[in-house]
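*Asks:* Below you'll find the structure I mean.
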Amino acid sequence: MKALIIVDVQNDFCPGGALPAPGGDRVVPVINRLMDQFGLILASRDSHPSDSTHFDKWPVHCVKGTKGADFHHGLDISKIQQELLKGTADKDDGYSAFEATNKKLVEILKNRHVTDVYITGLTTEYCVKSTAMDSVRNGFKTYVVTDAIAPVEPDSENEKNALSEMKNAGIRLVTSDHLK
Ligand code: VGL
Ligand code: ZN
3 MKALIIVDVQ NDFCPGGALP APGGDRVVPV INRLMDQFGL ILASRDSHPS
53 DSTHFDKWPV HCVKGTKGAD FHHGLDISKI QQELLKGTAD KDDGYSAFEA
103 TNKKLVEILK NRHVTDVYIT GLTTEYCVKS TAMDSVRNGF KTYVVTDAIA
153 PVEPDSENEK NALSEMKNAG IRLVTSDHLK
């Protein structure tokens, strides 16, 4: 059984948002197409309180209840079966979807007998990487779909390191046509 995790495809991480991944909205049609291949689809959202210590490190983004925290309007949310909210407490960075506070992601995956986890979304260096590393650590065969992710800082050392860290951890970097 394979599951699709869509990480933080929210307005604030897309062009025009508070902490945009340049061209981040390009992942939306790719993810929409991929959804048909999966029986289980989960999506995380960054959902920060406005006074979070997370904003000592980052511009204010994805504050709970704001437009910036909404899913990108192009994302086909009708197919999302479980929503995972993270970074919800005032000292909670919540980079990984496995740190969601409203639901236990590991338990959902284990209860559904998921063996293979496919990760997509925003942003490569932070929440995609953290989610993928937690997935592999929890024993799932883990894939990151490279044309369905985007970095905050394209071509940076951070982005390159994130990709090589994931590879070295045994995460498979694949393109979306791998699933056809
Ligand atoms: C993210 C920085 C801060 C992400 C979230 O979704 O990758 N990055 N908060
Ligand atoms: Zn955040």
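Counting in the numbering used here, the sequence shown runs from 3 upward without gaps. We put the beta carbon where it would ideally sit given N, CA and C, even for glycine. No experiment lies behind these values; they were computed from the predicted model shown.
Spell out the partners DSSP gives GLU85 in its beta bridges.
*Replies:* Taking the first residue of the sequence shown as position 1, residue 85 is located at position 83. According to DSSP, GLU85 bridges with ALA45.
*Asks:* Does the distance from the CB of ILE151 to the CB of THR133 come in under 8 Å?
*Replies:* The residue given as residue 151 occupies position 149 in the sequence shown. The residue given as residue 133 occupies position 131 in the sequence shown. Contact: no.
*Asks:* Cβ of ARG35 within 8 Å of Cβ of ASP10?
*Replies:* Along the sequence shown, read from residue 1 onward, the residue named residue 35 stands at position 33. Along the sequence shown, read from residue 1 onward, the residue named residue 10 stands at position 8. No, Cβ-Cβ distance for ARG35 and ASP10 is not below 8 Å.
*Asks:* If you draw a straight line from the alpha carbon of ALA71 to that of ILE173, how long is it in whole angstroms?
*Replies:* Position 69 of the sequence shown, counted from the first residue, corresponds to residue 71. Position 171 of the sequence shown, counted from the first residue, corresponds to residue 173. Cα to Cα, the separation comes out at about 28 Å.
*Asks:* Please classify ALA134: does DSSP put it in a helix, a strand, or coil?
*Replies:* Your numbering for residue 134 matches position 132 in the sequence shown. Looking at ALA134 - three-state DSSP - the assignment turns out to be helix.
*Asks:* Please state whether DSSP places PHE73 in a helix, a strand or coil.
*Replies:* Working through the sequence shown from its first residue, we reach residue 73 at position 71. Three-state result, PHE73: strand.
*Asks:* If you measure between the beta carbons of LEU87 and THR103, is that distance less than 8 Å?
*Replies:* The sequence position of residue 87 within the sequence shown is 85, counting from 1. The sequence position of residue 103 within the sequence shown is 101, counting from 1. Contact: yes.
*Asks:* State the start and end residues of the unbroken beta strand (DSSP E) segment that holds LYS4.
*Replies:* Working through the sequence shown from its first residue, we reach residue 4 at position 2. 4-9 is the span of the beta strand (DSSP E), which, as asked, contains LYS4.
*Asks:* So PRO22 and PHE15 are supposed to be a Cβ contact under 8 Å. How far apart are they, rounded?
*Replies:* As a working mapping, residue 22 is identified with position 20 in the sequence shown. As a working mapping, residue 15 is identified with position 13 in the sequence shown. With a Cβ gap of about 6 Å, PRO22 and PHE15 count as contacting.
*Asks:* Which of helix, strand or coil does DSSP assign to THR126?
*Replies:* By 1-based counting over the sequence shown, the position of residue 126 is 124. Of the three classes helix, strand and coil, the one that applies to THR126 here is helix, per DSSP.
*Asks:* Taking all protein chains shown into account, decide if ASP157 is buried (16 or more other Cβ within 10 angstroms of its Cβ) or exposed.
*Replies:* Translated into positions along the sequence shown, residue 157 becomes position 155. The residue in question, ASP157, is exposed, as its Cβ has fewer than 16 Cβ neighbours within 10 Å.
*Asks:* Identify, in the order they occur along the chain, each residue of the same chain with its Cβ nearer than 6 Å to the Cβ of CYS129, setting aside the five sequence neighbours on each side.
*Replies:* Your numbering for residue 129 matches position 127 in the sequence shown. Hits under 6 Å: VAL9, ASP10, TYR97.
*Asks:* Taking 8 Å as the threshold (C-beta atoms), are LEU6 and PHE40 in contact?
*Replies:* Taking the first residue of the sequence shown as position 1, residue 40 is located at position 38. Taking the first residue of the sequence shown as position 1, residue 6 is located at position 4. The answer is yes: Cβ separation under 8 Å.
*Asks:* Contact defined as beta carbons within less than 8 Å: I believe VAL147 pairs with VAL176. What is the distance between those atoms, to the nearest angstrom?
*Replies:* Here residue 147 corresponds to residue number 145 of the sequence shown, with the count starting at 1. Here residue 176 corresponds to residue number 174 of the sequence shown, with the count starting at 1. Yes, they are in contact, since the Cβ atoms of VAL147 and VAL176 sit about 6 Å apart, within 8 Å.
*Asks:* Quick check on DSSP: helix, strand or coil for ALA20?
*Replies:* Translated into the one-based positions of the sequence shown, residue 20 becomes position 18. Coil at ALA20, not helix or strand.
*Asks:* Look at PHE100 and ASP118 and say whether their C-beta atoms are less than 8 Å apart.
*Replies:* Within the sequence shown, numbered from 1, the residue matching residue 100 stands at position 98. Within the sequence shown, numbered from 1, the residue matching residue 118 stands at position 116. No, the Cβ-Cβ distance between PHE100 and ASP118 is not below 8 Å.
*Asks:* Between THR125 and the ligand MN, is there a pair consisting of the residue's CB and a ligand heavy atom that are separated by less than 7 Å?
*Replies:* The model on display carries the ligand VGL and the ligand ZN but not the ligand MN.
*Asks:* Who are the near neighbours of VAL108 in its chain, counting only those whose CB is closer than 8 Å to its CB and skipping five residues on each side?
*Replies:* For the purposes of this step, residue 108 is taken as residue 106 along the sequence shown, with counting starting at 1. Same-chain partners within the cutoff: PHE100, ASN140.
*Asks:* Quick one: what does DSSP say VAL154 is sitting in, helix, strand or coil?
*Replies:* One-based indexing of the sequence shown puts residue 154 at position 152. Coil.
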